[in-house]
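According to our numbering, the sequence shown holds residues -10 to 84 in order. All C-beta atoms, glycine included, are put in the ideal place defined by N, C-alpha and C.
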Amino acid sequence: MSAAPSAPAIPPRSEDIVGEKTDRCLANFLVKTATGFGVGVVASVILFKRRAWPVQLATGFGAGWAYGDCDRLFNPYALPGVKVLPSTTTRPTSQ
């Protein structure tokens, strides 16, 4: 038996890549914000006599964490303290 020739791989379209990253960011935001909300509710009930500020603080932490992850997803080269330099290739000069 011979294998059927495979078609050349088509690179993904740029709008598909952006769409996948946006979907991942939104899902990440919802999960981390909801987790922060849950942790805040539990901390509020158990430790802080049902005050509102632990819920708000933990929800904000979850949202901020998701924002940071989304920022790194869309711009992976923006790392604190790292400078990306262009490659320095030497071209032979003709004389």
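Is the beta carbon of residue j closer than 8 Å to that of residue i?
| i | j | result |
| --- | --- | --- |
| A55 | F18 | yes |
| Y43 | A32 | Note on residue identity: the sequence assigns Pro, not Tyr, to residue 43. In this structure, A32 lies closer than 8 Å to P43 by Cβ. |
Considering only the alpha carbon of each residue, which of the options lies closest to residue i?
| i | options | result |
| --- | --- | --- |
| F26 | K10, I6, G49 | G49 |
| F63 | P0, V7, S(-5) | V7 |
Rounded to the nearest angstrom, what separates residue i and residue j at their Cα positions?
| i | j | result |
| --- | --- | --- |
| G57 | L74 | 23 Å |
| D60 | P(-3) | 33 Å |
| T11 | A23 | 18 Å |
| R13 | L36 | 33 Å |
Helix, strand or coil: how does DSSP classify residue i here?
| i | result |
| --- | --- |
| N64 | coil |
| A23 | helix |
| F50 | helix |
Please determine whether the Cβ atom of residue i lies at a distance below 7 Å from any heavy atom of the ligand GDP.
| i | result |
| --- | --- |
| T48 | Summarising the ligand content, the structure contains no ligands, and the ligand GDP is consequently not present. |
Around the C-beta of residue i, are 16 or more other C-beta atoms found within 10 angstroms, so that it is buried, or is it exposed?
| i | result |
| --- | --- |
| A67 | exposed |
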